[in-house]
Structures are given as structure tokens and as C-alpha cells.
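Following this note's numbering, the numbering of the sequence shown begins with 14 at its first residue and continues without gaps.
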Amino acid sequence: MKASRIAAVGALAGTTVLALSVPAFAHVSVQPEGTAAKGGYAVVDFKVPNERDNASTTKLEVTFPTDHPLASVMPQPVPGWKLPVVTKSKLDKPLEMHGKKITEAVTKVTWTAEGKGIEPGFFQKFPVSIGTLPEDADELVFKAIQTYSNKEVVRWIEVPQEGQEEPENPAPVLELSAAEDGHHGSSSSDKASAEASDSDDAEAASAKTDAAEPADSSDTTARVLGVVGIVVGALGVAYGVIAGRRRTDA
């Protein structure tokens, strides 16, 4: 009896832990497809799980950071959802991108379901191409609002703080990795230097090819003359042998 009671208590405790742990990970999150390197571009997925048993998720609004505005934001169409609505706002401080000044940036992207949306027990990914990523930040915070078919609204807007427990409704946070060599944030002088280096290498290779051609031509000529000399010599020997036989017979 004691053993069965202990097992029952253990099973109940395990179920309780599982039930308590579900809200910790069942929230809107953002993850890169590959890497999200500082100073470069990335494709990120906003992952939206349905946390309700009696309603579907029919709308998602993602607010983009204004402290590190992104000049390029291109969402990918999602089957079963209307084309995303991209909202832009003017920047207090213009950005410079590829030699051009950017005076506005995307501040929000909204997805609305055409049908049932994300039904209970399922999740949906919403891909977005973003860039260029800031070089002076380790993470980007995106605040999200999730709307259900029963009109319930869940705001994932609480910013997690280091050293503290995760809030009840945490905002999606994108971790940025170290800058990679040759990212889009490289300077024009670096690109010019690389192009000059490539040009020098091409010229050197061309010079080597041109220098090799006369040597190959002379080698071929020498071989032909050598073969001709051998054939002529062989014919001369044969002629000498035949002439000697004729004189002997005479």
C-alpha cells in the first residue's frame, strides 16, 4: 500500500510540474533561421502557439524596436492568412544604409487569418527578413499582441530582466551573435580593397598564362623536329643497307 501511495503521489507531482511548466514556454517567441549576426541580415520566425482549448488565434501584431530601427523588413506570406500589413513611421534620427539616408522604418507588422487561424493544439510560424541588424546591441526586443477568435487579447510585452524570473507575458527577444566577416555592414573601402585584390590576382594569372604559351609552342616544335630527324635517319640507314646488298650481289 505504501509503495502504491508513493507512486500515486509521485505521478500527481509530475503532472503538477508539467502543468506549471507549460505557461513558461507556450508563448510568442522569435528565433532566427540560421544566425542573426550583428551588422548583417537575417530571416527570423515569430512562433505563435495557441494556448486556448476553446478558441483559435486569428490575429498577430508584432511591434518592432524603435531604439534600434530596422531599415529593411520584408514579411513572407503565410498560407491561410491575409498579406501582412506593414506599418512604417518616421524616424527621429535618419539612418544611413548603402549610402542612402532612411527617414522611416517599419514599426509594426500585422497578420490576420483568412479562415480559422491557429486552432487549439497547433502553432504557426511567421517568417520575416530583417536588416541591417545593429552592431551596438546584443539583442532586439519585439512586443507582440495575440488575438483569439473569442475576442480575448494576450499582450506579450513584458521585457525579461537579467537575473530575474521570466515574466508572465514575456516579449519575444532575438539574441544577436557576433558580427561575421563580409557582412553587409562592411565599409566601401573594404569592398574596394577586396575588388582591387581580386583584379591583381586575375592579372597575375593572365600574365602566367601568356608567359606559358610560347614555352609550350617551342616545346611542341622541338618534338616535331626530333621525330622528323629520327624518321629521316632511319630511312638513310635502310637505304644504305639496301645499296650495300646490291653491290655485293654484283
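We put the beta carbon where it would ideally sit given N, CA and C, even for glycine. Note that the coordinates shown come from a computational prediction; the quantities given were computed from them, not determined experimentally.
- Linking D105 to D149 through their CA atoms gives a straight-line distance of about 18 angstroms.
- The beta carbons of P140 and D58 sit closer together than 8 angstroms.
- Under DSSP, P88 shares a beta bridge with V141.
- The C-beta of S102 has fewer than 16 other C-beta atoms within 10 Å across all chains shown, which makes the residue exposed.
- A direct Cα-Cα distance of roughly 12 angstroms separates E193 from L146.
- H40 and A191 have their C-alpha atoms roughly 27 angstroms apart.
- By the neighbour-count definition (other C-beta atoms within 10 Å, threshold 16), N163 is an exposed residue.
- Contact between K95 and T71 is ruled out by a C-beta separation of about 11 angstroms, above the 8 angstroms threshold.
- Taking E64 as the centre and dropping the five residues before and after it, the same chain places the C-beta of A39 closer than 6 angstroms to its C-beta, in chain order.
- Look at Y54 here: in three-state DSSP terms it is coil, with no helix or strand label.
- Among the bridge pairs identified by DSSP, E74 is matched with T123, I158.
- In this structure, the CA atom of K156 is about 14 angstroms from the CA atom of E181.
- Burial state of V166 is exposed, judged by a 10 Å Cβ sphere holding fewer than 16 other Cβ atoms.
- Residue environment analysis places V98 among the exposed positions, since fewer than 16 neighbouring C-beta atoms fall within 10 angstroms of its C-beta.
- Checking the DSSP bridge columns, you'll see L189 has no partner listed.
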